[in-house]
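**Student:**
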């Protein structure tokens, strides 16, 4: 039974509840409500949603708390804390923080014009397996694709990105590397069952066909026709798949599925909808499955 109104506060490890409220407004398309939830930033909450672990120094009523993980189990951000329940799904958070307000209309409905070919957004981080595999793929793509590849990312002192022919610099708004591109390459930092992030959500929302590796059972949540699975542990084969798919104009054949899954990510798999299922004591895992 769904209650009439539930006040929900969010606490995450990277910023205060007040700061995260801006992300709530973006995920709710300008509102601080989602169905029967009202999101608050004070102690009037009925339920507290903790994202991975609470904000440092934050005092809370653990009896009202439930935790949604935004990080894989191997992450140093995952720490024990008091909570009434850990929800058995990971929470993907689309990267909308730096998106200008006028671009929100692109998210919710307007058709997106694609004028560019293939993009990558990657940093030079190399601690995790996914970091290393991603950088290896980026270097291969840069060597093979002479025209149409654009790479953005944050250098970390390795001088790898800056030496790429396709490197275009850093970005504040990630979607600048997505809106005009028909194709995108993305690889999660971890290869874990049920764990996917904005790395796949963002390109689908931007209506780009993503060449993807990461979540081992992503097809349980997102229609496999809305992306192209590759194996970054076999980089040469992965690059061949990318080149062949582009040559075959696969985006044009897959875009209707991408747009269908875009709506799913904006609504059923919206972070606020996953929270809504959790605080209303639904079977969240089942509710996220295709």
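Residue numbers (our numbering): 2 to 291.
Just so you know, even glycine gets a beta-carbon here, dropped at the ideal spot from N, CA and C.
Tell me the start and end of each unbroken alpha helix (DSSP H) in the segment 211–240 that is at least 4 residues and wholly inside, in chain order.
**Tutor:** DSSP runs (the alpha helix (DSSP H)) wholly in the segment 211–240: none.
**Student:** Shortest alpha-carbon distance to residue 128 belongs to which of 263, 76, 18?
**Tutor:** 76
**Student:** From residue 111 to residue 58, what distance separates their C-alpha atoms?
**Tutor:** 42 Å
**Student:** Taking only three categories from DSSP, how would you classify residue 157?
**Tutor:** Residue 157 falls in the coil class under three-state DSSP.
**Student:** Taking the DSSP output, what are the residues bridged to residue 186?
**Tutor:** 121, 212
**Student:** Is it right to say residue 157 is buried, meaning 16 or more other beta carbons lie within 10 angstroms of its own, or is it exposed?
**Tutor:** By the Cβ neighbour-count rule, residue 157 is exposed, with fewer than 16 other Cβ atoms within 10 Å of its own.
**Student:** Could you pull the DSSP bridge partners for residue 15 from this structure?
**Tutor:** By DSSP's assignment, residue 15 forms no beta bridge with any residue.
**Student:** Taking the alpha-carbon of residue 5 as reference, which of 208, 149, 38 has the nearest alpha-carbon?
**Tutor:** 38
**Student:** Whose C-alpha, out of 122, 134, 30, is nearest the C-alpha of residue 102?
**Tutor:** Closest in alpha carbon position to residue 102, among 122, 134, 30, is 30.
**Student:** In terms of residues, what are the limits of the alpha helix (DSSP H) holding residue 67?
**Tutor:** No alpha helix (DSSP H) holds residue 67; the beta strand (DSSP E) holding it covers 66–70.
**Student:** Give the DSSP-derived three-state secondary structure of residue 168 in the structure shown.
**Tutor:** strand
**Student:** Where residue 81 and residue 144 are concerned, what is the direct C-alpha to C-alpha distance, given to the nearest angstrom?
**Tutor:** 44 Å
**Student:** With distances taken between CB atoms, is the gap from residue 197 to residue 93 smaller than 7 Å?
**Tutor:** yes
**Student:** For residue 228 and residue 132, what's the separation of their Cα atoms in angstroms?
**Tutor:** 20 Å
**Student:** How far does the beta strand (DSSP E) with residue 52 in it reach, from first residue to last?
**Tutor:** 48–52
**Student:** Expressed to the nearest angstrom, what Euclidean distance is found between the alpha-carbon atoms of residue 285 and residue 237?
**Tutor:** 38 Å
**Student:** With distances taken from CA atoms, which of 272, 247, 214 is nearest residue 190?
**Tutor:** 214
**Student:** Throw me the rounded Cβ distance for the residue 91 and residue 195 pair, which I believe falls under 8 Å.
**Tutor:** That pair is a contact at about 6 Å.
**Student:** Starting from residue 39 and walking both ways along the beta strand (DSSP E), at which residues does that stretch end?
**Tutor:** Counting along the chain, the beta strand (DSSP E) containing residue 39 begins and ends at 38–41.
**Student:** Beta-carbon separation of residue 323 and residue 64 under 7 Å?
**Tutor:** Lying before the first or after the last residue shown, residue 323 is absent from the chain, which here runs from 2 to 291.
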